[in-house]
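For what it's worth, this note's numbering labels the leading residue of the sequence shown as 23, then goes sequentially.
Beta carbons are placed, not taken as given, at the ideal position from N, Cα and C, and that holds for glycine.
Just so it is clear, the structure is predicted and the values come from calculations on it, not from any experiment.
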Amino acid sequence: MTSAAAADTAPVGPDDPGRRLSSEERRAQIIRAALTVFGARGYEGATTDEVARAAGVSQPYVVRFFGSKENLFLAAIDFALDRLLASFRAALAASDEGGERPVGKRIGEAYVDLIEVRGLHQTLAHAYLLGSNPAIGAAARQGFAQVWRFFRDEMGLDAEEARTFLAEGMLISTMIGLRIVDDYGSDPQITELFRACFPNKLPHVLDVLPRNEHRL
């Protein structure tokens with residue numbers, strides 16, 4: 023898999039305009055741009071040209087790194103899963119001296135915090151709908167199973183607890199993909215649902231998620 027740590031530390035644009043990005047930094051920059059584009063457009067709707075524009079590079083440059091849109095999407099899935107599991111493991115390892123934030127709550131908050139990685143939740147959701155694609159379906163199934171194994175083996179949840187955790191995460195991802203935040207405050211049912219899913223992170227989520235806009 024792509025190293026989430028290496029990819030995440032690479033800037034989207036160089037802090038020093040005079041510094042030439044390394045090949046690994048540039049690759050990470052393109053993957054982060056791809057998450058944004060695939061998250062907004064889906065696999066079928068996105069193009070490598072759109073990703074190139076979002077990354078500030080040429081389309082042939084993207085093809086040079088990844089060869090095809092499918093390979094780029096697979097790299098984006100790898101990054102998203104690496105980042106997801108890294109966040110979960112950091113939350114699992116974090117101490118909670120006061121005992122007020124049990125491990126399940128910390129991991130749930132880590133999942134919500136990943137909203138700040140634009141397109142991450144949506145790209146994974148798109149991948150889960152492509153099970154019939156030989157390459158993407160296989161990668162998505164493997165990633166889904168990895169998350170399940172984390173809940174079972176590393177968190178120590180039983181099968182029913184793991185199912186509940188996974189279902190709640192998928193509900194949050196669905197809400198993000200539906201842009202349900204657009205109707206927050208105007209539709210009482212949507213407002214109640216949103217508050218129920220983000221009880222402790224509501225101001226942060228409302229601040230991070232785009233509202234009433236149809237842009238990348």
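Rounded distance between the beta-carbons of residue 59 and residue 137, thought under 8 Å
Position 115 of the sequence shown, counting from 1, holds the residue named residue 137. Position 37 of the sequence shown, counting from 1, holds the residue named residue 59. With 8 Å as the limit, residue 137 and residue 59 do not qualify as a contact, their Cβ atoms being about 17 Å apart.
Does residue 220 come out as helix, strand or coil in the three-state DSSP assignment?
In the sequence shown, residue 220 corresponds to position 198, counting from 1. It is coil, neither helix nor strand.
First through last residue of the alpha helix (DSSP H) which encompasses residue 99:
Numbered from 1 along the sequence shown, position 77 holds the residue referred to as residue 99. Note, residue 99: alpha helix (DSSP H), 91 to 115.
Simplified DSSP assignment, three categories, for residue 186
Counting from 1 along the sequence shown, the entry for residue 186 is found at position 164. Residue 186: helix per DSSP, three-state reduction.
Classify residue 109: buried if its beta carbon has 16 or more other beta carbons within 10 angstroms, exposed otherwise.
Here residue 109 corresponds to residue number 87 of the sequence shown, with the count starting at 1. Buried, because 16 or more other Cβ atoms sit within 10 Å of the Cβ of residue 109.
Local Cβ density within 10 Å of residue 105, reported as buried at 16 or more and exposed below that
Sequence index remark: in the sequence shown, residue 105 carries index 83 (1-based). So residue 105 counts as buried.
Pick from 131, 103 and 102 that is closest to residue 116, judged by C-alpha positions:
Along the sequence shown, read from residue 1 onward, the residue named residue 116 stands at position 94. For the residues 131, 103 and 102, the minimum Cα distance to residue 116 belongs to 131.
Less than 8 Å between the CB atoms is what I'm expecting for residue 212 and residue 202, so what's the real figure, rounded?
The residue labelled residue 212 in the question sits at position 190 within the sequence shown. The residue labelled residue 202 in the question sits at position 180 within the sequence shown. Contact holds; Cβ gap of about 6 Å.
Proximity below 9 Å, CB of residue 176 to CB of residue 111
By 1-based counting over the sequence shown, the position of residue 176 is 154. By 1-based counting over the sequence shown, the position of residue 111 is 89. Cβ distance < 9 Å, so residue 176 and residue 111 count as in contact.
Contacting residues, own chain, Cβ-Cβ under 6 Å from residue 147 (five flanking each side not counted):
Within the sequence shown, numbered from 1, the residue matching residue 147 stands at position 125. In its chain, beyond the 5 residues on either side, 195 and 199 have a beta carbon closer than 6 Å to the beta carbon of residue 147.
When you compare the CB of residue 203 with every CB in chain C, is at least one pair closer than 9 Å?
This model lacks chain C altogether; it includes just one protein chain.
Simplified DSSP state of residue 153, which is helix, strand or coil
Sequence index remark: in the sequence shown, residue 153 carries index 131 (1-based). Per DSSP, reduced to three states, the secondary structure at residue 153 is coil, with no helix or strand assignment.
Quick one: is residue 178 buried, meaning 16 or more other Cβ sit within 10 Å of its Cβ, or exposed?
Against the sequence shown, residue 178 aligns to sequence position 156. Its Cβ having fewer than 16 others within 10 Å, residue 178 is exposed.
Expressed to the nearest angstrom, what Euclidean distance is found between the alpha-carbon atoms of residue 216 and residue 88?
As a working note, residue 216 is residue 194 in the sequence shown. As a working note, residue 88 is residue 66 in the sequence shown. C-alpha separation (whole angstroms): 38 Å.
If I follow the unbroken alpha helix (DSSP H) through residue 70, where does it start and stop?
As a working note, residue 70 is residue 48 in the sequence shown. It spans 70 to 77 - the alpha helix (DSSP H) in which residue 70 sits, taken as one unbroken run.
What does a CB cutoff of less than 7 Å around residue 74 pick up in its chain, not counting 5 residues either side in sequence?
Numbered from its first residue, the sequence shown carries residue 74 at position 52. Only 80, 81, 83 and 84 meet the Cβ criterion.
Which term fits residue 127, buried or exposed, when burial requires 16 or more other beta carbons within 10 angstroms of its beta carbon?
On the sequence shown, position 105 is the one that residue 127 refers to. Per the 10 Å Cβ criterion, exposed.
As assigned by DSSP and simplified to three states, the class of residue 139:
What you label residue 139 is simply residue 117 of the sequence shown in a count that begins at 1. In this structure, residue 139 counts as coil in the three-state DSSP scheme.
By the three-class DSSP mapping on this structure, what secondary structure does residue 206 have?
Sequence index remark: in the sequence shown, residue 206 carries index 184 (1-based). In the structure shown, residue 206 sits in coil (DSSP, three-state: anything other than H, G, I, E or B).
Look at the alpha carbon of residue 210 and the alpha carbon of residue 62, and state the distance between them as a whole number of angstroms.
On the sequence shown, position 188 is the one that residue 210 refers to. On the sequence shown, position 40 is the one that residue 62 refers to. Answer to the nearest angstrom: the Cα atoms are 26 Å apart.
Boundaries (first-last residue) of the alpha helix (DSSP H) holding residue 44:
Taking the first residue of the sequence shown as position 1, residue 44 is located at position 22. First-last for residue 44: undefined, no H or E at that position.
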